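Residue numbers (the UniProt record's numbering): 1 to 284.
See below for the structure under consideration.
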């Protein structure tokens, strides 16, 4: 077995990136563990315990083919997915019932009609101060956000903090949020159906916060609000008017901090956008 100490730095970096893209979040053990063998042993022990607790006649019944097939079904199957059109309508009702951001947070946490919630550890809601009337909106939580229950955690959040500080802002002085409140498995892009289900919540969040300026981070966020299919490089650096919740808001798109971590040379582009954003919020 190849060990980490035998890998070149670039090989180790590629391996770690592969693990991250596959959804691996934690490497906790000092020594390798054969999880397959461990699971097989647990399964055998469980079957032996279950068999010892059955009466003789019950054990005979269980050996029948039909009963055996039924026994292979999961004890707690996941809830059946609601049809997308019904889930969107349910999300709209839940969002419209919220008269404050606190109400909306509670409504999203109790909403069970989006399958993304089943695989997420946390419901990640907005943080910061809505009174500043500045919103910074990303696409969806990453693994750090999902673990901490806060938007823009980990390295991505640290870089965003530095980006905001460069124009005299902080995460406490803006409202930070994501379009999607639950981390998709493996950090994949949300499907169109999942996005449609989550849309009423971000629309209502903007309507309640009443921002004057939106800073949109990354491809997904820019496409979501601008209704276009270009890349962030063609959508960034230009103020646009977007209509959300019946009101018009000025929005500027720029690169997501994760984009900058992967391609540091693009920081110059993000800096231009941040200066443009700073000038606009200073003028009011």
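From the three backbone atoms N, C-alpha and C, an ideal C-beta is built for every residue, glycine too.
No experiment lies behind these values; they were computed from the predicted model shown.
Can the beta-carbon of residue 208 be found closer than 8 Å to that of residue 254?
In the chain shown, the residue the question calls residue 208 occupies position 208. In the chain shown, the residue the question calls residue 254 occupies position 254. Contact flag unset, no.
Please report the residue range of the beta strand (DSSP E) in which residue 247 lies.
Taking the chain shown and counting its residues from 1, the one referred to as residue 247 is at position 247. It spans 247-254 - the beta strand (DSSP E) in which residue 247 sits, taken as one unbroken run.
What separation, rounded to the nearest whole angstrom, lies between the Cα atoms of residue 43 and residue 144?
Translated into positions along the chain shown, residue 43 becomes position 43. Translated into positions along the chain shown, residue 144 becomes position 144. Between residue 43 and residue 144, the C-alpha separation is close to 32 Å.
Can you give the Cα-Cα distance for residue 138 and residue 276, rounded to whole angstroms?
The count along the chain shown starts at 1 and reaches residue 138 at position 138. The count along the chain shown starts at 1 and reaches residue 276 at position 276. So the two alpha carbons sit approximately 18 Å from each other.
Helix, strand or coil for residue 118? Go by DSSP, reduced to three states.
Within the chain shown, residue 118 is the residue found at index 118, counting from 1. Reduced to three states, the DSSP call for residue 118 is helix.
Pick from 204, 201, 219: whose alpha carbon is nearest that of residue 189?
Walking along the chain shown from the start, residue 189 turns up at place 189. Answer by Cα proximity: 219.
In its own chain, which residues sit with a C-beta less than 8 Å from the C-beta of residue 124, not counting the 5 before and 5 after it?
The count along the chain shown starts at 1 and reaches residue 124 at position 124. Closer than 8 Å at Cβ, skipping near neighbours: 141, 145, 146, 149, 150, 151, 178, 181, 182, 183.
If we call anything under 8 Å between Cβ atoms a contact, is residue 225 one with residue 251?
Translated into the one-based positions of the chain shown, residue 225 becomes position 225. Translated into the one-based positions of the chain shown, residue 251 becomes position 251. The answer is yes: Cβ separation under 8 Å.
Name the two residues that bound the continuous alpha helix (DSSP H) containing residue 163.
As a first step, residue 163 must be located in the chain shown, where it is residue number 163. Unbroken alpha helix (DSSP H) run through residue 163: 154-165.
With DSSP as the reference, please indicate the residues paired to residue 244 in a beta bridge.
If you number the chain shown from 1, residue 244 lands on position 244. Paired residues: 247.
With a 10 Å radius around its C-beta and 16 neighbouring C-beta atoms as the bar for buried, classify residue 264 as buried or exposed.
Within the chain shown, residue 264 is the residue found at index 264, counting from 1. Exposed, since its Cβ has fewer than 16 Cβ neighbours within 10 Å.
Determine the contact status of residue 175 and residue 134, defining contact as a CB-CB distance below 8 Å.
By one-based count along the chain shown, residue 175 stands at place 175. By one-based count along the chain shown, residue 134 stands at place 134. Going by C-beta atoms, residue 175 is nearer than 8 Å to residue 134.
Hey, residue 167 and residue 278: beta-carbon distance below 8 Å or not?
If you number the chain shown from 1, residue 167 lands on position 167. If you number the chain shown from 1, residue 278 lands on position 278. Yes.
Taking just the CA atoms, how far does residue 172 sit from residue 249?
By 1-based counting over the chain shown, the position of residue 249 is 249. By 1-based counting over the chain shown, the position of residue 172 is 172. Between residue 249 and residue 172, the C-alpha separation is close to 21 Å.
Taking the CB atoms as reference points, tell me whether residue 261 and residue 155 lie closer together than 8 Å.
Indexing the chain shown from 1 puts residue 261 at position 261. Indexing the chain shown from 1 puts residue 155 at position 155. In this structure, residue 155 lies closer than 8 Å to residue 261 by Cβ.
Counting C-beta neighbours from all protein chains within 10 Å, is the total for residue 195 16 or more, i.e. buried, or is it exposed?
In the chain shown, counting from the first residue as 1, residue 195 sits at position 195. Buried: at least 16 other Cβ atoms inside 10 Å.
Beta-carbon within less than 8 Å of residue 241's beta-carbon, same chain only, minus the 5 sequence neighbours each way: which residues are those?
For the purposes of this step, residue 241 is taken as the residue at position 241 of the chain shown. Contacts found: 248, 249, 250, 251.
Would residue 273 be called buried (16 or more neighbouring beta carbons within 10 Å of its own) or exposed?
Taking the first residue of the chain shown as position 1, residue 273 is located at position 273. Classification for residue 273: buried.
Using C-beta distances below 8 Å, list every residue in its chain close to residue 129, excluding the 5 sequence neighbours before and after it, in chain order.
Along the chain shown, one-based indexing puts residue 129 at 129. Excluding sequence neighbours, residue 129 sits near 172, 173, 174, 175.
In whole angstroms, what is the alpha-carbon distance linking residue 191 and residue 202?
As a first step, residue 191 must be located in the chain shown, where it is residue number 191. As a first step, residue 202 must be located in the chain shown, where it is residue number 202. Each residue's alpha carbon lies about 16 Å from the other.
To the nearest angstrom, report how far apart residue 229 and residue 99 are at their CA atoms.
The residue labelled residue 229 in the question sits at position 229 within the chain shown. The residue labelled residue 99 in the question sits at position 99 within the chain shown. When rounded, the distance between both Cα atoms is 33 Å.
Closest to residue 243 by C-alpha separation, out of 214, 257, 271, would be which residue?
Against the chain shown, residue 243 aligns to sequence position 243. That would be 214, whose Cα lies nearest to the Cα of residue 243.
Can you tell me which of 280, 47, 94, 37 puts its alpha carbon nearest to the alpha carbon of residue 200?
Reading the chain shown from its first residue, position 200 is the one you call residue 200. When only C-alpha atoms are compared, the closest one is 94.
In the DSSP output, which residue or residues are listed as bridge partners for residue 127?
Residue 127 sits at position 127 when you count from the first residue of the chain shown. Looking at the DSSP assignment, residue 127 forms a beta bridge with 176.
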